[in-house]
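J.: Residue numbers are given in our numbering: position 8 of the sequence shown equals residue 8, and the series is strictly consecutive.
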Amino acid sequence: MGLKPRQWRQLTVISLVVAGTIFLYLVRGILFPFWLALIFAYITNPAVKKLEERQVPRSVAIILVYVISIAVLAVLASRVVPRLVEEMEQIVVVLPRYMKELSQLVNSLLATLERFRLPIAFTEAVLESASRFQGYIEGFVQRLVDVLLGMFSRLFTLFLVPILAFYILRDLETFKAGAWRLVPLGYQGEVRQLIQDINRVLDGFIRGQIVVSAVVGLLIAICLGLLKVRFALLLGLVAGIFNLIPYLGPLLGGIPATIFALLDSEWKAVWTIVIFTVINNVEGSIIAPRIIGDSVGLHPLTMIFVVLAGGHLFGVGGMLLAVPVAAVLKTGISFVLRQVL
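(1) Only counting the same chain, and skipping five residues up and downstream in sequence, which positions put a Cβ closer than 7 Å to that of I168?
(2) What span of residues does the alpha helix (DSSP H) with P46 cover, start to end?
(3) Can you give the Cα-Cα distance for I240 and T272, rounded to whole angstroms?
(4) Taking 7 Å as the cut-off, does the CB of R181 come closer than this to any heavy atom belonging to the ligand ADP?
(5) Excluding the five sequence neighbours on either side, which residues of its own chain have a C-beta within less than 8 Å of the C-beta of L237, listed in chain order?
(6) Is K268 helix, strand or coil by DSSP?
(7) Which of the three DSSP states is assigned to Y98 in this structure?
(8) Please classify F175: is it buried, with 16 or more other beta-carbons within 10 angstroms of its beta-carbon, or exposed?
(9) How about Q193 and W180: do their beta carbons lie closer than 8 Å?
(10) To the nearest angstrom, how far is it from the Cα of G297 to the Cα of V56?
(11) Out of L95, I206, I70, Q209, state which residue places its alpha-carbon closest to the alpha-carbon of P256.
(12) Can you tell me whether I62 is helix, strand or coil according to DSSP?
(13) Compare the C-alpha of H299 against each of Y247, V282, F314 and name the closest.
(14) Distance check for A326 and G332, CA to CA, integer angstroms please.
(15) My output table needs one value for Y25: the three-state DSSP class, helix, strand or coil.
(16) Do L234 and I91 have their C-beta atoms closer together than 8 Å?
(17) Below 8 Å on the Cβ atoms is my contact criterion, and I expect T258 with A269 to pass it. Report the Cβ-Cβ distance as a whole number of Å.
(18) Between L160 and the rest of its own chain, which residues show a CB-CB distance below 8 Å, the 5 nearest in sequence each way excluded?
(19) In whole angstroms, what is the alpha-carbon distance linking A61 and V48?
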């Protein structure tokens with residue numbers, strides 16, 4: 001029995017989606033600036049539309065939004081970037097010494113443990129675990145430094161973001177018109193509702209998560225600075241970036257700060273853990289619910305799974321984008337099920 005025209009269309013759409021997904025996976029190494037450009041365009045588009053409503057031409061509105069954004073970033077950069085660069089130069093110099101001190105600290109703890117005359121099997125298990133943990137920590141810190149240095153060495157990629165975002169914003173209506181032509185008239189009402197649902201999910205999560213992470217990073221940088229932990233500004237930036245990753249982010253962001261504090265003194269490490277615990281509890285119970293709410297509608301186990309899956313497939317970028325992508329997929333699947341059932 002041959003397929004009906006409607007079934008052929010459905011099969012074609014599914015095939016295109018699968019082929020597109022495979023293609024994106026194959027070229028994932030060059031997608032990061034495009035994802036950033038899409039996010040930047042999504043965030044700034046409401047401001048552009050507000051100016052358009054005041055009879056400002058779209059291209060002029062985009063340029064005005066860019067000028068304001070660049071002015072704000074320039075003020076922040078003039079105060080923050082020189083300090084960040086200085087801290088990064090210092091951390092590259094002292095990192096070998098810090099790794100040596102960390103190794104000595106672990107060996108000292110193991111020597112103390114051996115004096116308790118614990119069973120040999122237990123002691124060997126602890127030694128193996130400690131050695132493995134030390135390797136993980138050293139690798140994590142080294143990769144973190146490499147990533148931060150890579151961010152500054154790949155400035156050309158970052159310069160691409162506003163250029164790509166400009167063209168996305170300028171031709172957004174053209175893209176929309178082209179996309180609507182692909183949707184049959186009988187389905188346009190349902191598709192419009194789906195887009196509104198997706199926009200509601202993304203609007204709350206992306207803007208809210210950026211604001212919350214900025215607040216968390218600033219608070220941590222201030223508290224670490226008051227505690228006299230070295231590289232407080234850089235560690236606050238790292239904590240803020242990792243905070244964009246739900247659930248696992250605060251833990252990952254706290255590891256470097258705790259290590260650097262521990263290399264100064266034990267009490268600084270304890271206070272650093274207290275600072276991260278208090279700030280992240282305040283963020284989780286007060287700040288995030290007020291700013292973000294339950295916009296994504298995903299169970300915590302689902303969020304942890306998709307974050308780990310995103311990290312496994314696409315690295316740190318995958319971890320950052322995993323939750324919004326999963327939320328969009330959930331919204332789309334729920335919409336389709338409502339139409340079918």
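A virtual CB, placed ideally from N, CA and C, is assigned to each residue, including glycine.
T.: This is what the structure gives:
(1) A37, L38, A41
(2) 32-53
(3) Residue identity differs from the one stated: residue 240 is Gly in this sequence, not Ile. The straight-line gap from Cα to Cα measures roughly 15 Å.
(4) Inclusion of the ligand ADP in the displayed structure is not the case, the ligand content being empty and no account of it being possible.
(5) L84, G217, A221
(6) helix
(7) helix
(8) exposed
(9) no
(10) 37 Å
(11) L95
(12) helix
(13) Y247
(14) 10 Å
(15) helix
(16) yes
(17) 6 Å
(18) P33, A37
(19) 5 Å
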